[in-house]
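First up is the structure itself, then whatever we jot down about it.
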Amino acid sequence: MVAEAPDVRSERLYYKMALIRAFEEHIAAIYPTDAVKSPIHLSIGQEAPAVAVCEVLRPEDAVFGTYRGHALYIARGGNLRAMAAELFGKANGCGRGKAGSMHLGAPEVGMMFTSAIVATGAPNAMGYAFALKYRQQPGIVVCMVGDGAVDEGVWAESLNFSALKGLPILWVVENNLYAIHAPLSNRMPRPNFCQRAEAYGIPASRIAEQDADVMVDGFAAAAEAVRDGQGPRFVEVETYRWREHVGPNEDTSLGYRTAEELAVWKDKDCLKRCAGNLDVAVLSALDTRIASEVADALAFAEASPYPDDEDLLRHVFHDGGCV
Amino acid sequence: MVAEAPDVRSERLYYKMALIRAFEEHIAAIYPTDAVKSPIHLSIGQEAPAVAVCEVLRPEDAVFGTYRGHALYIARGGNLRAMAAELFGKANGCGRGKAGSMHLGAPEVGMMFTSAIVATGAPNAMGYAFALKYRQQPGIVVCMVGDGAVDEGVWAESLNFSALKGLPILWVVENNLYAIHAPLSNRMPRPNFCQRAEAYGIPASRIAEQDADVMVDGFAAAAEAVRDGQGPRFVEVETYRWREHVGPNEDTSLGYRTAEELAVWKDKDCLKRCAGNLDVAVLSALDTRIASEVADALAFAEASPYPDDEDLLRHVFHDGGCV
Amino acid sequence: MHADLSYGEALYQAIDQCMAEDSGVFVYGLGVDDPKGHYGTTKDLHVRYGAHRCFDTPLSEDAMTGLGVGAALAGLRPIHVHQRMDFLLLCMNQLVNMAAKYAYISAGRLKVPFVERACIGRSWGQGAQHSQSLYAMLMHVPGLKVVAPTTPHDAKGCMIAAIRDDNPVIVVEHRMLYATRGLVPKAAFTLPFGEARILEPGSDVTIVAVSHMVVEALRARAHLAKVGISAEVIDPVSLMPLDIPTIAASASRTGHLLVVDNDWLPCGASAEIITRVIEETQGRAAIHVARMGFAEAPCPTTKPLESAFYPNDRTIAAKVYAMLRPDHSKWQPDGGEAPEITAFRGPF
Amino acid sequence: MHADLSYGEALYQAIDQCMAEDSGVFVYGLGVDDPKGHYGTTKDLHVRYGAHRCFDTPLSEDAMTGLGVGAALAGLRPIHVHQRMDFLLLCMNQLVNMAAKYAYISAGRLKVPFVERACIGRSWGQGAQHSQSLYAMLMHVPGLKVVAPTTPHDAKGCMIAAIRDDNPVIVVEHRMLYATRGLVPKAAFTLPFGEARILEPGSDVTIVAVSHMVVEALRARAHLAKVGISAEVIDPVSLMPLDIPTIAASASRTGHLLVVDNDWLPCGASAEIITRVIEETQGRAAIHVARMGFAEAPCPTTKPLESAFYPNDRTIAAKVYAMLRPDHSKWQPDGGEAPEITAFRGPF
Ligand SMILES: Cc1ncc(C[n+]2csc(CCOP(=O)(O)OP(=O)(O)O)c2C)c(N)n1
Ligand SMILES: Cc1ncc(C[n+]2csc(CCOP(=O)(O)OP(=O)(O)O)c2C)c(N)n1
Ligand SMILES: [Mg+2]
Ligand SMILES: [Mg+2]
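This is the structure in structure tokens:
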């Protein structure tokens, strides 16, 4: 059903970003029907960072994300049907319906199940990177968090240890300016993400342009250094969430941010910018493909069964077997 | 019994440092008799930072220290008898024998009871500073921790928040190069305490000379800025512990540090250095006074009763009254 | 003078009255000054009392809890709001190693008048990390008080008592209760901790239920009445201290005690209540005991499993029926999900 | 082939054998590679296996626990050492929100073979923040296993089982036990979790004791024998899962159950054990129950109060005597502090 992924970089970037956008827009549209069985944190508007960082990864690499994880799951190549089924709470979901939107995972492509407790997946990502180095395996780990994660003590502890041990990890902060309704100024004296990482001994850079290509280049340089055994790197990437923190709607009516601010950011749309690089014919082929993939995934989810009652008490402990 | 404190600064510094040294040497000497009822973390060799920082404080200020708290307690002017009695586990102790060496306190002089969980008194110190600002009271708070505290996430969280809110707090790291047996290099990529504080928006300075006068000047500048409403300041002060991490003995036989290293630091003795500034006659008068104060405190402790059995279940909750 | 208030409004009123009467009371935590004001319980307090008395914080649960403990040491009366009890796992050190210890190590010279508000689930689809109760962990530690009021009346009385208390108090608020309505005295009043409330009398079985499970237990009582079983429903209100005499007296009378917790069973409030009732009554009364609570698993998100994870009015009634009529065939009343659960659509 | 080993040596041997057989096993934590090697249990492992397999860490309990969880997700078998259980309060989030949840949210596709070693007190003069047990908090959470072996034999068997387990296991080690000696098989072996051990048979009362309290209970049994009371002493060994059938069978036979915990009582292991025994036996046997544990206070430092804080052989014997002979006047055997407590002089 799912065709080969495009092999031209700009097409691939567009394809993945557009797939995320389309999938989430569908999810948002059907949300009021209660087909989706858990709260959703959408990435609409901020598809580029996840797609760009995954562009520089290899099969042996791993990624750790957050509860706002749809984009990373799709960008990393997680199965769309399994994701849709998970959102619908179905037994075919990537977590058999027990994980929901906040804990997506696709270990078969190196996407670990995500945490909904801000920043707390960071040391797990670090532990994974530790294991790669311990076993002298190739591969690097990407840990993507929001700007809010930087407030948490465990983030500082993790940066410090990763630098101390020279671990193969790329720390990425998706700075979308808000943690729920709180702007950066409620939380940090200055938004100096890079300076903080450097204080823990990690070379840092910042990407501010809303252009997936530019982001790929920025991530590539950092990932290259990590892969080269130079220890951790840090990248702050500026971005913006268009919808409410949790849920399917826009939220400028709440007053914590203005409609004007949102409009400015919509204007910088990473998807539109990327589309500008492509032929109309290519675009339309990709769009068609995306539409059918999304429809297929949702139909699959819809048709899938709910888990049985026995599933409630299964997997509390790992019993040696795998699903 | 206790004479007026000396009113010349250099005499005062000597007096306090020598009092700490003499008291701890006595405690160390009698430790094998089991008169002392809890583990002891001695400050012998590193008396200067606590004495110097307290020199720049006023009655309305508060200090928060650690389990290695004898020096700060004495430097801040805590009652020596109450301290000795506490170490002996007696009912006249500052914590009625329930606190022990690791949790000394003298709220009457603004010395809060200390925590034995590394770094975790830091946010409490910050909360105290918050309260001063909240009530627009004069006064500043000093939070003194060891170099190990900087590893803890709560330290980073606390620095960040103190800077965000411009709280009247002076953060002090007593860098004695080790956390138990672990050198800095086991714990930090680089020993850049100041850079880290600056990354959290706090102006920082470092004091490396083993001279109480120099330290006073360094602390005074920082405290002045805090008192002036400029927000938090950070000072790293280098120092060295002569005895084992916990207990009365030396420990170079363990091998984590060398006898040579210890000798170098003993050579830099802050007490000897300070004594060099004083008249022999003054010195000998101070020494006499110190000897009698220590003897008095220990005799008091010795003669004091143990708490009654009912004390076990008292003070679990604060009942409105005070002791 | 009483007013008909929601649980959320009652909490707001309690905090508002305390802030008005004592300038040392302040409220802080993630989102307390945001447009939603934590289910209205802190809404616009920053406008009313100034931003220094109601403020948002960084995502630093550990240091922020420590901030409150330190401010309390200095004599203020902080109220720290956690959007979810699950986040308390990040600040257990401050609660257990610090807040619970200062009075003791200082032999009463320091005090920690600190209120930690913790919101618990369910709502729906919250899953493994956003629906835990965990109050049992805090009940375990001497030096902490824990209350879990169920009615708007008790919410107000507990909150004011907690704020005025000179010790750390954890106030457990269930998300499904914020919209519950009831009569509440307009004036400030306090509820003494350690007094259980007999919500409905009964003679055949004693059901002790915690937080939102009280609501389900009352519904179960109605089902049971239809089959001739008379259940007494008791709300402990305060979990630490626990009012065991009231529960033990009821259970001695009915001979049957079912504890329905809003939490896992092992080492939970249910185990503590049953053990203490047995300790208090053995040799004098023979009481048949049982307990219900979360399924022994993390909370799943999908609705069918989530519904099986929690006790509800029908499973409670069925359990009581089986306890009292072991020879009969199993029975469970008809019915569906509780309306407040179906109605809940956030905020999360 | 058995050898006479101390508890500390048995743990060392377990870890050493696992490290030799599986290159994915590593040990880390504050001070593990220092000259004292955590009571010898990790001594010189960094020399034997290389610094990458046994290393010291920064004082970052939260991230270091998370490191182990992440390394376990990647297939390694980390053993994280905490010098004190009290420090676990800093990493409750990683244990409860992360380690205990990954298997479930991934529907078994991820696993967390992670061992958390936690050392508990008493020793002496440790005070409020350095002597807590707190395992009840972890027993409360589905997804975690908790063991607290008492003998060198069980220490080795539990440790190897924990290391080979595909789930997070908390191993609780009491400081007073490291010097205890006993016969231990030389070869690697595992102890299945969830099997209680009847250490000494008896007919009048069942004493279930946890960790170091087992040693005190055995001494109490000797005192009791002198006044004609025969006590059966049971060590649960594994706290979660708990072997209730063994305990319930014994208590049904003796009619008396005393649980002596090494922890506070409320919502503790003692409450859980008693509740489950009652649940399992009610209607078939009438069992008189009681429990002992820490005094309801933080731990004081001074010796006279500290001695009153903990149960000991004499207070246990006195409690049993009072349970069994309520009409007699009170009795307590003569004697003094346990030798291992008097002898202990660190390291702390
Ligand atoms: C430790 C913790 N504290 C608070 C929360 C509640 N919470 C959920 S998302 C969120 C905001 C996080 O913001 P950010 O990290 O910037 O990510 P974004 O949502 O913007 O992607 C908060 C405070 C949480 N989930 N975990
Ligand atoms: C959170 C925590 N982790 C570990 C310990 C064990 N411990 C006690 S003191 C200490 C070393 C602290 O070193 P530092 O902060 O440099 O202070 P110093 O002892 O050198 O004065 C450690 C690791 C503790 N008490 N608390
Ligand atoms: Mg954000
Ligand atoms: Mg140090």
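Chains as they are written, first to last, in the numbering used here: chain A, 149 to 471; chain B, 149 to 471; chain C, -16 to 331; chain D, -16 to 331.
Idealized CB from N, CA, C, for every residue including glycine.
Bear in mind the structure is a predicted one, so any value in this text is a computation, not a measurement.
If we ignore side chains and look at the alpha-carbon of each, how far apart do residue i and residue j end up?
i: C/P322; j: A/G403; result: 31 Å
i: D/V198; j: C/S290; result: 45 Å
i: C/C102; j: D/K84; result: 20 Å
i: A/A196; j: B/S306; result: 33 Å
i: C/G319; j: D/A46; result: 44 Å
i: A/A183; j: A/A223; result: 24 Å
i: D/G14; j: A/E458; result: 44 Å
i: C/G58; j: C/E(-8); result: 27 Å
i: D/L248; j: D/A254; result: 7 Å
i: D/E178; j: B/A411; result: 56 Å
i: C/H379; j: C/H239; result: The requested residue 379 of chain C does not occur in the structure, where chain C is confined to residues -16 to 331.
i: B/A151; j: B/E441; result: With a pLDDT of 48 at B/A151, under the threshold of 50, the modelled position of that residue is not reliable, and the figure given next carries that caveat. Spanning the two alpha carbons is a distance of roughly 9 Å.
i: B/C470; j: C/R92; result: Caution is warranted here: a pLDDT of 43 is assigned to B/C470, below 50, making its placement in the model unreliable, and no coordinate value can be reported.
Ligand 3 and residue i: does the residue's C-beta get closer than 7 Å to at least one heavy atom of that ligand?
i: A/N324; result: yes
What in chain C is Cβ-close to residue i, meaning under 7 Å?
i: D/L73; result: N76
i: B/H218; result: Within chain C, no residue comes near B/H218; the closest Cβ sits about 16 Å away, beyond 7 Å.
i: D/M223; result: P249
What does residue i reach in chain D if we use C-beta pairs closer than 8 Å?
i: A/S263; result: N80 and M81
i: A/L312; result: P41
Quick one: list the residues of chain C neighbouring residue i, beta-carbon separation under 8 Å, in chain order.
i: A/D459; result: P283 and L288
Got a sec: does ligand 1 put a non-hydrogen atom nearer than 7 Å to the Cβ of residue i?
i: A/G294; result: yes
i: A/I265; result: yes
i: A/R216; result: yes
i: C/Q66; result: yes
i: A/E172; result: no
i: A/R389; result: yes
i: C/F70; result: yes
i: A/A270; result: no
i: A/H393; result: yes
i: D/E289; result: no
i: A/E300; result: yes
Could you work out which residues of chain A lie near residue i, taking near to mean beta carbons separated by less than 8 Å?
i: C/P18; result: H329, L402, G403 and Y404
Is any non-hydrogen atom of ligand 4 found closer than 7 Å to the C-beta of residue i, if you look at the structure I gave you?
i: B/A327; result: yes
Under 7 Å Cβ-Cβ, which residues of chain B neighbour residue i?
i: C/Y87; result: K246, H463 and V464
i: A/M336; result: N308 and L312
Under 7 Å Cβ-Cβ, which residues of chain A neighbour residue i?
i: D/P125; result: V464
So which residues of chain B does residue i contact, with C-beta pairs closer than 8 Å?
i: D/E262; result: Result: empty, since nearest Cβ-Cβ is about 31 Å, beyond 8 Å.
Shorter than 7 Å, the distance from the beta carbon of residue i to the closest heavy atom of ligand 2, or not?
i: D/L73; result: yes
i: D/L42; result: yes
i: B/H189; result: yes
i: A/G305; result: Looking at the sequence provided, one finds Glu at residue 305 of chain A rather than Gly. False, no ligand heavy atom lies under 7 Å from that Cβ.
i: D/L13; result: yes
i: B/A297; result: yes
Could you list which residues in chain D have their beta carbon closer than 9 Å to that of residue i, in chain order?
i: C/A55; result: What C/A55 touches in chain D: nothing, since even the nearest Cβ is about 17 Å away.
Which of the residues in the stretch 235 to 250 of chain D, read from start to end, lie with their CB under 9 Å from any CB of chain B? Answer set for the stretch 235 to 250 of chain D: empty.
Given a limit of 7 Å on CB to CB distance, which residues of the stretch 178 to 207 of chain B reach chain C? For the stretch 178 to 207 of chain B, which is checked against every Cβ of chain C, not one residue is closer than 7 Å.
Please list, in chain order, the residues of the stretch 90 to 123 of chain C that have any C-beta partner in chain A closer than 8 Å. Of all residues in the stretch 90 to 123 of chain C, the ones placed with a Cβ closer than 8 Å to any Cβ belonging to chain A are W107, G108, Q109, G110, A111, Q112 and H113, in chain order.
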